[in-house]
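Residue numbers (numbering that gives the first Met the number 0), protein chains in the order written: chain X, 0 to 303; chain S, 0 to 472. For glycine and all other residues, C-beta sits at the position ideal for the given N, C-alpha and C.
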Amino acid sequence: MEGLQQQSATLRKLNTPSDDPIGAAKVLEIRTDKVNNDQFQMNTRMAETFLENTDHIIGELADIVVRAKEIALGQASGASSNEGTRLGVAEEVTQLFQQAVATANRRIGDRYLLGGFKTQRPPVDPEGRYTGDDGQTMVEIAKDVFISSNVPGVEVFNTHPKSSNDGRSVYSPNTLGRGPASEGAMDGELAYENVNVFDEIQNLRIALLTGDLDGVRNTLDRFDQVHSKLVACRAKVGSRLQGLQSTSQALERHNVTNAQLGSVLEDADMAQVVSDLTKEETVFKSALASSQRLIQPTLLDFLK
Amino acid sequence: MGLPNVFNTGRTGMIASKAAIATTGHNIANTNTEGFSRQRVLTSAETPRNSAGMQSLIGNGTAISRVERINDEYVEKQVRNGARDLSHMEEKDLVLRQTEDVFNEMNGDGLNRLISRFFNEFRKLSNEPDNEAVRQSVRESSQAMVNDFHRIRREVEAVREHIDARLEGYSKEINSLAEQVKDLNMQIKTAELAGGSPNDLLDKRDQAMKKLGSYMEMSVHKDGGGSFVVDVKGVGPLVVGPMAEKFSVFRSKADDQGKPEAAFDVQSTSHANSLVTHQIKGGKLGALLEVRDKTLSTILDRLDELAYNISDSVNSIHQQGFTRHGVQGVEFFGHMGGKERASEFIQLSDAVRDSVNNIAAAAQPDSPGDNRIAIAISGLQSEKFMNEGKATMDDFYNSIVSDVGVAASKNRSGMNQQKDIMTQLNKIRDQISGVSIDEETANLMQFQHMFDASAKVIQVADEMLKTVLDMRR
Chain X
0 MEGLQQQSAT LRKLNTPSDD PIGAAKVLEI RTDKVNNDQF QMNTRMAETF
50 LENTDHIIGE LADIVVRAKE IALGQASGAS SNEGTRLGVA EEVTQLFQQA
100 VATANRRIGD RYLLGGFKTQ RPPVDPEGRY TGDDGQTMVE IAKDVFISSN
150 VPGVEVFNTH PKSSNDGRSV YSPNTLGRGP ASEGAMDGEL AYENVNVFDE
200 IQNLRIALLT GDLDGVRNTL DRFDQVHSKL VACRAKVGSR LQGLQSTSQA
250 LERHNVTNAQ LGSVLEDADM AQVVSDLTKE ETVFKSALAS SQRLIQPTLL
300 DFLK
Chain S
0 MGLPNVFNTG RTGMIASKAA IATTGHNIAN TNTEGFSRQR VLTSAETPRN
50 SAGMQSLIGN GTAISRVERI NDEYVEKQVR NGARDLSHME EKDLVLRQTE
100 DVFNEMNGDG LNRLISRFFN EFRKLSNEPD NEAVRQSVRE SSQAMVNDFH
150 RIRREVEAVR EHIDARLEGY SKEINSLAEQ VKDLNMQIKT AELAGGSPND
200 LLDKRDQAMK KLGSYMEMSV HKDGGGSFVV DVKGVGPLVV GPMAEKFSVF
250 RSKADDQGKP EAAFDVQSTS HANSLVTHQI KGGKLGALLE VRDKTLSTIL
300 DRLDELAYNI SDSVNSIHQQ GFTRHGVQGV EFFGHMGGKE RASEFIQLSD
350 AVRDSVNNIA AAAQPDSPGD NRIAIAISGL QSEKFMNEGK ATMDDFYNSI
400 VSDVGVAASK NRSGMNQQKD IMTQLNKIRD QISGVSIDEE TANLMQFQHM
450 FDASAKVIQV ADEMLKTVLD MRR
């Protein structure tokens, strides 16, 4: 009866491990799972924020490249350009360059998004040189499922980036048996000529300032290469975001299933408890009543 | 037959009925006395005397042959053994309940939750390895986990100390009970030599024996003189006739059979090398020693193993990483030599306690956004490195909790069963030796009538004598 009372007071049937040792261990397991899943969902949301912002940055960079290409197109033929117009648009190109650098250096809170692991300083210096590295911040979004929550600038700004720019050995996941898989640099594509966003805008500006029409024309094709690279980066980010969403939904479902199992193990069935309690009460009362009858009459009662 | 003899016959009846009434009164008075066996006055007809000149023998009244107690030695023994098993389980239940409470996190926080939190803080850190606030919370949650290791250790040790305090008290009680049985042995012998049947002393001795028997397994038999000889199994004699041995406890070093450091050892004057801690089985002492030396020691060993493994594995990864100051090889937890008492010694390293920037999240220097070490540490949670690579830390801790639960619940169901058995045994004993008020009241009336009737006999004899005396006038 005491046990039933505790169940009805706490609405739980598992109040001490000895009530159901195996169930208790299972409940603890489920709780750990729940805490972990909550954290994974937090991670997912964080990664979502970072990736969405990265997406915006790359989008803006693409816009800048498109604008630069327009300018280059306009000034490519001697017919439509003269020194005056060239100097005029060169000023705009300078603006575009600064805008590109500012966009690339955008941050959330105090964290620069495109700097790889170098998150505490602007990844691009005023001359357009990349100062970050190729570090990918891996985030665990489900048990043993990792996703990179950033795109290192080196991958964004260059069409054919070379391997790790700082030459330092990159942390090897093999030493611990687990860890983020480094995507590494695309070594096989070194044969292609690399095109860099900032270099190209700078090239355009110099060509405009010096009146080098061939130079202006040369940039057209390369702007296309940069632009398609930026679009490819956006596509990569987009597919990661999609992956995040489906994982997050899977986690949601997992949580629901776990909650159901936990409830089965832990929660008292109130209807059952109350009816058991009533039954016990009846037994208790009848025991009281019968013992009252049993104790009372002795021979002495009849001798008076 | 002479008339005076009739007076005497009446007198024996009155004496016998008075004795019977007194005994009935004694029974009624002791209705609720624990261990009391009801008593009966046994009477026998007085040897008839040959009256001069008469063929037939006429009886001479009654004589009290003895007062006996209604008692079945076999049932007493069963009650004694049943009580021993019950107190064994009750004692165990008491301490296991306390132990279970230490690990009970069904309705609140506990180590399981804190360990999950610890690893999750590292996951948070892997989201924002450059965020100082997250580092603070990593340190805070680690401290909370360490504190809980200390708490569990401390509380389990408190249970141990509680057990030791009880051991000390019990050994004194055993000595006083053994002394009591020995004294009763002598008193009973004296009384029996004088020809009486010392029923109440016998009851008292049975009662003392029952109490004594509840402390450990012992065998009891009677020697030729009717004295109890008590032998503790595996230890030696406790009471032999007029001799009682003594139990005592003393603090000693840990031994290889699970006895913890500075806990009590039990010694007995009856055993050759006097140390009997691991010979005692069953009863209250057996229960306490079993829980202390087996259950609690195993729990603490496993807790130590867990604490050591967490600290060691986190350190080995943490030391590969770089702190915010670009330093490699910093420990997260303070260094521990081995598993021995690891749950007591586990603590954050001085470096981490000094500054949260000494927490290494990065695998390369000067990379505030590098989270690979943090990820590797959080990954330890699902790594199976406990129990020879068969269990994760979660599994391992959960199995401690469920083992405590299993021990407590197994013992509890055994205890409930034993309670039923005891109820049954006590009922049987009551049927044999218990006092029934109804029966005693009826007897009282019967003996009163007997007394009245015996008095009447004397009255009739008196009248007859008067008639005879009046004849001379």
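Beta-carbon spacing of residue i, residue j below 8 Å
i: Asn-184 of chain S; j: Ser-226 of chain S; result: yes
i: Glu-131 of chain S; j: Val-355 of chain S; result: yes
i: Arg-152 of chain S; j: Ser-342 of chain S; result: yes
i: Pro-160 of chain X; j: Asp-132 of chain X; result: no
i: Ser-63 of chain X; j: Leu-86 of chain X; result: Residue identity differs from the one stated: residue 63 of chain X is Ile in this sequence, not Ser. Against a cut-off of 8 Å, the Cβ pair of Leu-86 of chain X and Ile-63 of chain X comes out as no contact.
i: Val-180 of chain S; j: Ala-207 of chain S; result: yes
i: Ala-407 of chain S; j: Arg-165 of chain S; result: no
i: Gly-81 of chain S; j: Leu-424 of chain S; result: yes
i: Thr-22 of chain S; j: Ile-436 of chain S; result: no
i: Met-217 of chain S; j: Lys-232 of chain S; result: yes
i: Val-234 of chain S; j: Val-290 of chain S; result: no
i: Thr-136 of chain X; j: Arg-120 of chain X; result: no
i: Gly-127 of chain X; j: Phe-197 of chain X; result: yes
i: Leu-240 of chain X; j: Glu-59 of chain X; result: no
i: Asp-268 of chain X; j: Leu-3 of chain X; result: no
i: Ser-401 of chain S; j: Pro-16 of chain X; result: yes
Residue nearest to residue i in terms of C-alpha spacing, selected from the options
i: Gly-240 of chain S; options: S:Ala-350, S:Leu-305, S:His-25 and S:Gln-186; result: S:Gln-186
i: Leu-260 of chain X; options: X:Ala-23, X:Ser-17, X:Gln-291 and X:Val-272; result: X:Ala-23
i: Ile-70 of chain X; options: X:Ala-288, X:Phe-222, X:Lys-278 and X:Val-153; result: X:Phe-222
i: Leu-305 of chain S; options: S:Pro-367, S:Ile-374, S:Val-155 and S:Arg-340; result: S:Arg-340
i: Ser-196 of chain S; options: S:Gln-363, S:Arg-471, S:Gly-413 and S:Ile-63; result: S:Ile-63
i: Lys-33 of chain X; options: S:Asp-71, S:Gly-107 and S:Arg-116; result: S:Arg-116
i: Asp-266 of chain X; options: X:Glu-1, X:Met-0, X:Gln-4 and X:Asn-14; result: X:Asn-14
i: Gln-77 of chain S; options: S:Glu-45, S:Gly-212 and S:Lys-245; result: S:Gly-212
i: Arg-301 of chain S; options: S:Tyr-396, S:Lys-232, S:Ser-310 and S:Ser-251; result: S:Tyr-396
i: Val-493 of chain S; options: S:Ala-452, S:Val-400 and S:His-161; result: As shown, chain S starts at 0 and ends at 472. That puts residue 493 of chain S outside it, with no answer to give.
i: His-334 of chain S; options: S:Asn-272, S:Thr-322, S:Ser-348 and S:His-324; result: S:Ser-348
i: Asp-230 of chain S; options: S:Gly-224, S:Gly-223 and S:Ala-243; result: S:Ala-243
i: Arg-83 of chain S; options: S:Leu-468, S:Ser-453, S:Glu-387 and S:Met-421; result: S:Met-421
i: Asp-311 of chain S; options: S:Gln-346, S:Leu-443, S:Gly-281 and S:His-324; result: S:Gln-346
i: Gly-168 of chain S; options: S:Gln-363, S:Ser-247, S:Lys-188 and S:Leu-192; result: S:Ser-247
i: Thr-9 of chain X; options: X:Val-272, X:Ala-101, X:Leu-299 and X:Ala-288; result: X:Val-272
i: Val-219 of chain S; options: S:Tyr-73, S:Thr-440 and S:Ile-431; result: S:Tyr-73
is_contact[residue i, chain S] using C-beta, thresh 8 Å
i: Tyr-129 of chain X; result: no
i: Glu-51 of chain X; result: no
i: Gly-2 of chain X; result: no
i: Phe-96 of chain X; result: no
i: Gly-114 of chain X; result: yes
i: Glu-28 of chain X; result: yes
i: Met-45 of chain X; result: yes
i: Val-169 of chain X; result: With a pLDDT of 36 at Val-169 of chain X, under the threshold of 50, the modelled position of this residue cannot be trusted, and the question is left open.
i: Asn-254 of chain X; result: no
i: Pro-122 of chain X; result: no
i: Thr-246 of chain X; result: no
i: Gly-242 of chain X; result: no
i: Met-137 of chain X; result: yes
Whole-Å CB distance - residue i paired with residue j, under 8 Å assumed
i: Val-456 of chain S; j: Gly-12 of chain S; result: 7 Å
i: Leu-207 of chain X; j: Gln-74 of chain X; result: 6 Å
i: Val-40 of chain S; j: Asn-198 of chain S; result: Rounded, the Cβ-Cβ distance is 11 Å, inconsistent with contact.
i: Glu-139 of chain X; j: Ser-377 of chain S; result: 7 Å
i: His-317 of chain S; j: Val-329 of chain S; result: 7 Å
i: Leu-113 of chain S; j: Met-144 of chain S; result: 4 Å
i: Gly-404 of chain S; j: Glu-99 of chain S; result: 7 Å
i: Lys-383 of chain S; j: Ala-390 of chain S; result: 6 Å
Within-8 Å CB hit, residue i to chain X
i: Thr-440 of chain S; result: yes
i: Asn-415 of chain S; result: no
i: Ile-279 of chain S; result: no
i: Met-385 of chain S; result: no
i: Asn-103 of chain S; result: yes
i: Ser-141 of chain S; result: no
Ignoring anything shorter than 4 residues or poking outside the stretch 69-127 of chain X, list the alpha helix (DSSP H) runs there in chain order. 82-103
Which parts of the stretch 49-103 of chain S are runs of the beta strand (DSSP E), unbroken and 3 residues or longer, counting only runs that do not cross its ends? 61-68
Enumerate, from N- to C-terminal direction, the unbroken beta strand (DSSP E) stretches of 3 or more residues contained entirely within the stretch 220-244 of chain S. 227-231 and 235-239
If you scan the stretch 97-153 of chain S from start to end, which runs of the alpha helix (DSSP H) of 4 or more residues do you find wholly inside it? The qualifying runs are 110-126.
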